[in-house]
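Asker: For the sequence shown, the positions run 51 to 315 when the working numbering is used.
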Amino acid sequence: MQVRILTFRAMTALVFAAGPCLQAIAAQAPGSGAQPPKPVVMGDPLRRDLGVPDSSPNISGTWSPNTFFRVISPVDGSATPFLPWAREFFLNRNATEARGEPLFDPNANCLPSGVPRVIPTPYPLDIVQTPDAIYIGIEVMHSFRIIHMDGRPMPADFKPTYLGYSAGRWEGDVLVVETTGLNGYTQVDEEGRPKSSSMKVTERYMKRAPDLLEITYTLDDPRTYSRPWTARAQYRWAPALRFSEYVCEENNRNKPDASGKLRTR
51 MQVRILTFRA MTALVFAAGP CLQAIAAQAP GSGAQPPKPV VMGDPLRRDL
101 GVPDSSPNIS GTWSPNTFFR VISPVDGSAT PFLPWAREFF LNRNATEARG
151 EPLFDPNANC LPSGVPRVIP TPYPLDIVQT PDAIYIGIEV MHSFRIIHMD
201 GRPMPADFKP TYLGYSAGRW EGDVLVVETT GLNGYTQVDE EGRPKSSSMK
251 VTERYMKRAP DLLEITYTLD DPRTYSRPWT ARAQYRWAPA LRFSEYVCEE
301 NNRNKPDASG KLRTR
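Now the structure itself:
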């Protein structure tokens with residue numbers, strides 16, 4: 051579908067549209083004095099609140115995937131450290147795919163991709179920075195993540211979700227995000243690596259170049275893998291890109307259930 055919408059951008063623009071005006075007023079305040087010019091930064095001022103410290107890198111705006119692979123594997127080239135049950139699950143799924151039989155994939159049933167699968171998405175991201183939270187809009191299924199930056203811990207009564215509870219902090223120029231509270235209903239990648247509700251995902255966002263955002267993410271799931279392992283995704287700065295409408299249900303047909311039985315509608 052070629053329909054282009056501005057829903058997420060429109061909301062963020064309304065929230066932050068006053069930013070440039072406030073900056074201009076501050077610059078004209080008595081006694082403010084001349085300020086040295088700031089270096090050009092790849093970032094969108096409409097998506098970065100005035101309250102965000104200048105010391106925090108500007109990762110706001112729209113980012114397009116630089117690369118995408120259907121397989122998420124350790125960045126060091128080692129084999130995925132499956133526990134025995136997880137390896138059997140993975141191999142059985144791949145054998146089913148090789149036979150051309152229907153596969154159960156929660157994503158194909160229009161359920162959210164979840165964390166960590168949504169991190170290396172083949173769709174663009176739109177990042178909004180505020181002092182208390184970073185919002186990451188995701189084109190796929192028109193969803194968004196909230197990264198809490200105010201130090202609030204996950205509530206004691208938090209019920210596991212697809213995206214979990216994400217808390218972030220800056221370590222120098224690196225944004226570190228820890229996500230817990232995940233449910234076990236999704237897969238790690240398109241090839242079917244499993245996960246459990248015990249998984250903790252630690253992401254590290256860093257700019258490798260002014261227009262290149264790299265995300266390394268470590269998966270720690272002692273119920274599924276024998277050790278933590280790290281993967282990587284990269285995104286390019288894309289200020290002219292606009293989100294497309296994503297309606298999963300519109301073309302969703304012949305859905306298999308968890309047992310592999312094909313259901314039609």
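In this text, a Cβ means the ideal position worked out from N, Cα and C, and glycines have one as well. Keep in mind that this is a model prediction, so the values were computed, not measured.
(1) Beta carbon of ASP270, beta carbon of LYS250: below 7 Å?
(2) Name the DSSP beta bridge partners of VAL227, please?
(3) Check the C-beta distance from PRO124 over to TRP279 and give it rounded, since I have them as a contact under 8 Å.
(4) Whole angstroms are fine: how far does the CA of ARG202 sit from the CA of ALA183?
(5) Have a look at PRO244 and ARG282 and give me their C-alpha separation to the nearest angstrom.
(6) Would you kindly work out how many angstroms separate the C-alpha atoms of PRO134 and SER276, rounded to a whole number?
(7) Over what stretch of residues does the alpha helix (DSSP H) that includes ALA136 continue unbroken?
(8) Measuring straight from C-alpha to C-alpha, what distance separates TYR173 and ALA288?
(9) Counting along the chain, where does the beta strand (DSSP E) carrying GLU240 start and finish?
(10) May I have the straight-line CA-CA distance separating ASN297 from PHE139, to the nearest angstrom?
(11) Mapping DSSP to helix, strand and coil, what is TYR295?
(12) Write down every uninterrupted run of the beta strand (DSSP E) in the stretch 172-201 whose length is 3 residues or greater and which is fully enclosed by it, in chain order.
(13) Flag this pair as touching only if the stretch 235-243 and the stretch 115-123 have three or more C-beta atom pairs under 8 Å; answer yes or no.
(14) Roughly how far, in whole angstroms, is the beta-carbon of THR236 from the beta-carbon of GLY214, given that I think they are within contact range, below 8 Å?
(15) Please name the residue or residues paired with ALA281 in a DSSP beta bridge.
(16) Is GLY242 a contact residue of the ligand ATP, with contact defined as CB to any heavy atom under 6 Å?
(17) Which word fits GLU253, buried or exposed, when buried means at least 16 other C-beta atoms lie within 10 angstroms of its C-beta?
(18) Should MET191 be flagged as near chain B, meaning a C-beta pair shorter than 7 Å?
(19) Do PRO162 and TYR212 come within 7 Å of each other at the CB atom, strictly closer than that value?
(20) With H, G and I counted as helix, E and B as strand and the rest as coil, what does DSSP make of PRO289?
(21) On a Cα-Cα basis, can you pick out the residue from ALA217, ILE186, HIS192 that is closest to TRP113?
Answerer: Here's the rundown:
(1) yes
(2) Answer is GLY218, GLU253, bridged to VAL227.
(3) Separation of the CB atoms of PRO124 and TRP279 is rounded to 5 Å, and the pair is thereby assigned contact status at 8 Å.
(4) 10 Å
(5) Distance between the alpha carbons of PRO244 and ARG282: 18 Å.
(6) 9 Å
(7) Where ALA136 is concerned, the enclosing alpha helix (DSSP H) stretches over 134-148.
(8) 12 Å
(9) From DSSP, GLU240 is part of no beta strand (DSSP E); its letter is neither H nor E.
(10) What sits at residue 297 in the sequence shown is Val, not Asn. Spanning the two alpha carbons is a distance of roughly 30 Å.
(11) The question names Tyr, yet the displayed sequence has Glu at residue 295. Correct three-state label for GLU295: coil.
(12) 175-179, 183-188, 193-198
(13) Segments in contact, yes.
(14) Incorrect: roughly 10 Å between the Cβ atoms, too far for contact.
(15) TYR267
(16) Ligands displayed in this structure: none; no statement on the ligand ATP is therefore possible.
(17) buried
(18) Note that chain B does not occur in the displayed structure, where there is just one protein chain.
(19) yes
(20) Here PRO289 carries a coil assignment [DSSP, helix/strand/coil].
(21) Residue ILE186 is the option with its Cα nearest to TRP113.
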